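As you go down the protein sequences, you meet chains C and A in turn. Under the working numbering, read the first sequence as residues 1 to 345, first letter to last. Under the working numbering, read the second sequence as residues 346 to 690, first letter to last. Glycine included, C-beta positions come from ideal geometry on N, C-alpha and C. Bear in mind the structure is a predicted one, so any value in this text is a computation, not a measurement. The structure under discussion appears below in the form of structure tokens.
Number of protein chains: 2
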Amino acid sequence: MAPINRRKLVSTFAVLPLASRAFVSSAKAQGSPGQPLASWNEGPAKQAILDFVHATTDRNGSKFVPPEQRIATFDQDGTLWVEHPMYTQVVYCLERVPAVVAQKPELKNREPFKTVLSGNREAMAKLSLHDLEDILAATLTGMSVEAFEAEANKWIATAKHPRWNRLYTELTYQPMQEVLQYFRDNGFRTYIVTGGGQDFVRIYSQQVYGIPPEQVVGTAGGTKYGYDKNGKPFLTKEPKLLLNDNNAGKPEGIHLEIGRRPCAAFGNSTGDREMLEYTGAGAGARLMMLVLHDDAQREYAYGPAEELPDSKVGTFTQALYDEAKRDGWTVVSMKDDWKRIFAFD
Amino acid sequence: MAPINRRKLVSTFAVLPLASRAFVSSAKAQGSPGQPLASWNEGPAKQAILDFVHATTDRNGSKFVPPEQRIATFDQDGTLWVEHPMYTQVVYCLERVPAVVAQKPELKNREPFKTVLSGNREAMAKLSLHDLEDILAATLTGMSVEAFEAEANKWIATAKHPRWNRLYTELTYQPMQEVLQYFRDNGFRTYIVTGGGQDFVRIYSQQVYGIPPEQVVGTAGGTKYGYDKNGKPFLTKEPKLLLNDNNAGKPEGIHLEIGRRPCAAFGNSTGDREMLEYTGAGAGARLMMLVLHDDAQREYAYGPAEELPDSKVGTFTQALYDEAKRDGWTVVSMKDDWKRIFAFD
């Protein structure tokens with residue numbers, strides 16, 4: 001995930017349904033049916049994955065990697081699931097504003113909450129990044145870890161993406177689910193390394209990706225230990241940033257929470273650049289991949305080749321593309337390399 | 346591990362050998378021979394461990410815990426290995442001072458480095474906590490992660506404890522090694538949650554305890570991503586504290602790096618109090634244990650019952666003992682509950 005992009009935020013207000021809640025049973029991570037990478041077309045991207053896994057698991061080969069060192073890291077937004085028109089977690093935060101204001105009425109007439117409550121999308125579109133940070137702080141901190149988990153759990157089980165009218169959790173990329181499964185089937189531990197909130201992603205990572213919470217590294221705030229009136233201890237989510245898990249923060253977060261360098265890393269934007277560089281700088285077999293969003297019909301197109309309208313500018317820049325080519329990273333074309341995008345396709 | 350205790354630091358200078366280096370092959374974690382907890386005497390402490398594991402792994406029982414939720418956390422210093430007369434990592438830092446000064450000659454005549462270099466133990470005994478922090482910062486930060494790992498690895502392979510003239514890595518408690526193994530044999534993941542430096546403990550945790558680096562949570566500083574002159578990326582250890590993994594920092598660190606509440610937790614001091622409280626506040630079967638150092642002959646005695654000389658004051662206070670009794674935590678008497686302390690006994 002790239003740093004929060006105001007233009008993405010802006011564009012979202014144009015398409016967000018005012019009420020998108022309807023209970024649908026949650027999506028589950030799908031394994032690969034029969035053979036690995038079944039949703040991948042034959043080609044250099046699929047072959048690079050197969051070759052890497054064969055090389056690192058062949059005990060007699062020169063590139064064998066012992067199981068305990070088999071770490072693969074995956075960005076989430078735009079790499080494992082849809083990130084357009086807005087990061088799912090930002091949608092969550094905006095939709096939480098009415099409940100937060102109900103608990104803290106003093107926010108009702110204060111900006112940026114007043115604007116969000118107004119539902120005036122033109123005004124919302126003018127919110128600054130600073131405004132957005134205020135909204136994230138108000139909706140993600142100041143409550144116990146358990147209270148946050150309960151709220152976010154409830155939301156993620158019902159919230160839908162406006163374009164597909166499906167749960168966000170259904171909008172994971174089936175070919176990437178197959179990569180996760182294929183890696184795990186070959187003794188790799190799969191980690192999510194996301195610019196999104198660590199606490200948020202951990203809530204659904206097992207159910208959606210088969211990745212347990214302890215294998216999610218993300219943007220993380222501090223917590224504060226305290227006691228309730230009965231003396232029972234609990235942790236409160238604090239508005240104090242410990243790890244901004246974007247860009248250089250990704251290798252820093254990997255060192256902090258994993259303590260090993262990955263052998264393979266997957267991303268889709270400049271926010272993943274340092275993670276792929278750091279992965280590539282290790283010894284032995286390496287696999288670095290970037291998902292290129294070049295399929296406007298089945299998903300979105302916002303790669304470097306497209307001249308996109310301002311509202312859809314992504315962060316897969318030409319410079320990133322050039323670095324990928326120079327350093328032997330594999331660029332995955334969603335249009336050409338993937339037979340289907342979603343499990344429901 | 347408790348917060349750095351200046352009195353422990355002081356006492357150490359009296360016993361630290363000036364040169365304690367001699368290469369000896371490194372100790373390895375020892376499994377339990379034949380039956381679980383072979384080095385434990387029969388009694389309530391051993392029984393509490395057996396009962397907990399039986400209850401949580403019995404599929405037909407009411408206290409069954411699914412494997413993915415089986416998390417057990419262990420303090421290190423004083424719980425898994427000897428912490429007296431000084432934390433091993435502090436010994437490392439003091440012994441690193443000459444090498445650091447050789448690289449930065451401007452420190453030679455600056456305090457506290459001048460005093461450490463002098464070897465004058467009386468003067469060293471007067472160093473303040475602030476002085477010690479300067480020493481930790483100078484010896485643990487400002488170098489690449491790889492450079493630190495190489496140095497610490499070299500040291501831990503040869504450094505010896507003055508009392509036993511054995512590698513520090515041999516001074517793990519055999520009964521606790523058996524607990525680690527017994528938990529893992531029953532599907533638990535064992536984590537170290539230490540006030541010691543996360544990067545330091547991760548270097549030897551696999552070899553010494555069978556615990557991989559990603560299952561070590563400890564006091565952690567930030568790192569900074571950058572590039573060397575050839576454009577190769579690397580992380581530099583920064584003198585910026587991200588997580589003080591003592592006291593309330595333990596549950597906070599557990600939430601940050603694991604994201605699940607442990608079912609079982611082991612400690613030995615007030616620095617572990619909040620971790621045990623937090624563990625105890627969860628639903629279902631729980632096991633909280635405190636190792637009481639009451640065996641002056643085979644190890645050290647610094648529990649609440651002893652009136653110890655100032656130089657050996659530990660942090661197992663009477664208040665902690667009272668809380669343990671009140672909340673049903675098990676206090677392990679090293680003297681009574683352990684047949685032997687070390688693998689070499």
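Start-to-end residues for the beta strand (DSSP E) that takes in residue i
{"i": "Lys240 of chain C", "result": "Pro233 to Leu243"}
{"i": "Phe266 of chain C", "result": "Ala264 to Gly267"}
{"i": "Ile416 of chain A", "result": "Ile416 to Phe419"}
Below-8 Å beta-carbon distance, residue i vs any chain C residue
{"i": "Arg671 of chain A", "result": "no"}
{"i": "Ile537 of chain A", "result": "no"}
{"i": "Ile603 of chain A", "result": "yes"}
{"i": "Pro654 of chain A", "result": "Model confidence at Pro654 of chain A stands at a pLDDT of 45, short of 50, so the residue's coordinates are unreliable and nothing is read from them."}
{"i": "Leu632 of chain A", "result": "no"}
{"i": "Arg547 of chain A", "result": "yes"}
{"i": "Val658 of chain A", "result": "With a pLDDT of 36 at Val658 of chain A, under the threshold of 50, the modelled position of this residue cannot be trusted; read the value that follows with caution. It does not; no Cβ of chain C falls within 8 Å."}
{"i": "Trp674 of chain A", "result": "no"}
{"i": "Ala664 of chain A", "result": "no"}
{"i": "Ala609 of chain A", "result": "no"}
Minimum Cβ-Cβ distance from residue i to chain A less than 8 Å
{"i": "Thr223 of chain C", "result": "yes"}
{"i": "Asp185 of chain C", "result": "no"}
{"i": "His255 of chain C", "result": "yes"}
{"i": "Ala415 of chain C", "result": "For chain C, the structure presents residues 1 to 345; residue 415 of chain C sits outside this window and is missing."}
{"i": "Pro212 of chain C", "result": "yes"}
{"i": "Glu274 of chain C", "result": "yes"}
{"i": "Glu252 of chain C", "result": "yes"}
Where residue i falls, given that 16 or more other Cβ within 10 Å makes a residue buried
{"i": "His475 of chain A", "result": "exposed"}
{"i": "Asn613 of chain A", "result": "buried"}
{"i": "Glu178 of chain C", "result": "buried"}
{"i": "Phe397 of chain A", "result": "buried"}
{"i": "His54 of chain C", "result": "exposed"}
{"i": "Asn377 of chain C", "result": "As shown, chain C starts at 1 and ends at 345. That puts residue 377 of chain C outside it, with no answer to give."}
{"i": "Ser62 of chain C", "result": "exposed"}
{"i": "Arg606 of chain A", "result": "buried"}
{"i": "Phe689 of chain A", "result": "exposed"}
{"i": "Glu515 of chain A", "result": "buried"}
{"i": "Lys232 of chain C", "result": "exposed"}
{"i": "Asn165 of chain C", "result": "exposed"}
Bounding residues of the alpha helix (DSSP H) (the contiguous stretch that carries residue i)
{"i": "Leu516 of chain A", "result": "Note, Leu516 of chain A: premise wrong, no alpha helix (DSSP H); not H, not E."}
{"i": "Val217 of chain C", "result": "Where Val217 of chain C is concerned, there is no enclosing alpha helix (DSSP H), although the beta strand (DSSP E) it sits in stretches over Val216 to Tyr227."}
{"i": "Thr460 of chain A", "result": "Phe458 to Ser463"}
{"i": "Ser333 of chain C", "result": "From DSSP, Ser333 of chain C is part of no alpha helix (DSSP H) but of the beta strand (DSSP E) over Thr330 to Ser333."}
{"i": "Ser62 of chain C", "result": "No alpha helix (DSSP H) contains Ser62 of chain C, which DSSP labels as neither H nor E."}
{"i": "Gly249 of chain C", "result": "Gly249 to Glu257"}
{"i": "Ile156 of chain C", "result": "Val145 to Ile156"}
{"i": "Asp345 of chain C", "result": "Element bounds for Asp345 of chain C: n/a, residue is neither H nor E."}
Three-state secondary structure (DSSP) of residue i
{"i": "Pro537 of chain A", "result": "The sequence given here has Ile at residue 537 of chain A, not Pro. In this structure, Ile537 of chain A counts as strand in the three-state DSSP scheme."}
{"i": "His293 of chain C", "result": "coil"}
{"i": "Thr660 of chain A", "result": "coil"}
{"i": "Asp422 of chain A", "result": "strand"}
{"i": "Met86 of chain C", "result": "coil"}
{"i": "Gly616 of chain A", "result": "helix"}
{"i": "Trp509 of chain A", "result": "coil"}
{"i": "Leu107 of chain C", "result": "helix"}
{"i": "Leu50 of chain C", "result": "helix"}
{"i": "Gly197 of chain C", "result": "strand"}
{"i": "Met124 of chain C", "result": "helix"}
{"i": "Asp327 of chain C", "result": "helix"}
{"i": "Ala99 of chain C", "result": "helix"}
{"i": "Ala646 of chain A", "result": "strand"}
{"i": "Met129 of chain C", "result": "The identity of residue 129 of chain C in the sequence shown is Leu, whereas the question assumes Met. The answer is helix: DSSP assigns Leu129 of chain C an H, G or I state."}
{"i": "Leu287 of chain C", "result": "strand"}
Own chain, CB closer than 6 Å to residue i, minus 5 neighbours either side, in chain order
{"i": "Pro381 of chain A", "result": "Tyr527"}
{"i": "Ala565 of chain A", "result": "Gln543, Leu587 and Leu588"}
{"i": "Arg70 of chain C", "result": "Gly187 and Phe188"}
Contact set for residue i: own chain, Cβ-Cβ below 8 Å, skip 5 residues either direction
{"i": "Ile192 of chain C", "result": "Thr73, Phe74, Asp75, Gln76, Leu80, Val201, Ser205, Tyr209, Ile211, Gln215, Val216, Val217 and Gly218"}
{"i": "Tyr92 of chain C", "result": "Thr139, Ala152, Trp155, Ile156, Ala159 and Phe200"}
{"i": "Pro649 of chain A", "result": "Phe661, Thr662, Gln663, Leu665 and Tyr666"}
Sequence-distant residues of the same chain with beta carbon closer than 7 Å to residue i, five excluded per side
{"i": "Glu149 of chain C", "result": "Ile203"}
{"i": "Ser463 of chain A", "result": "none"}
{"i": "Leu601 of chain A", "result": "Leu588"}
{"i": "Val346 of chain C", "result": "Coverage of chain C is limited to positions 1 through 345, which leaves residue 346 of chain C absent and any answer about it impossible."}
Cβ of residue i within 8 Å of any chain B Cβ
{"i": "Glu496 of chain A", "result": "Among the protein chains of the structure shown, namely C and A, there is no chain B."}
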